[in-house]
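Comments concern the structure below.
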Amino acid sequence: MDRWLNWVDRAEEPVAAEEQPALAARDLFIRRTIFERDPGNQLAVQLTN
32 MDRWLNWVDR AEEPVAAEEQ PALAARDLFI RRTIFERDPG NQLAVQLTN
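Using the numbering used here, the first residue of the sequence shown is number 32, and each one after it goes up by one.
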């Protein structure tokens, strides 16, 4: 929990509204890539077969 609170304390200014869609797309790409490439993720195995 302390790690998360430390990140919040060190956070910079919020992302500008016009930059948020690009950031959201980047985050989704990263999460999807991790999900699909994780060999231990049985749900990913089922969905890709």
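Beta carbons are placed, not taken as given, at the ideal position from N, Cα and C, and that holds for glycine. Fair warning: this is a prediction, and the values are worked out from it, not measured in the lab.
Going by DSSP, residue 72 is part of no alpha helix (DSSP H) at all; its letter is neither H nor E.
Residue range 51 to 68 is occupied by the alpha helix (DSSP H) that includes residue 56. In this chain, the alpha helix (DSSP H) harbouring residue 39 covers 33 to 41. Secondary structure at residue 47: coil, using DSSP grouped into helix, strand and coil.
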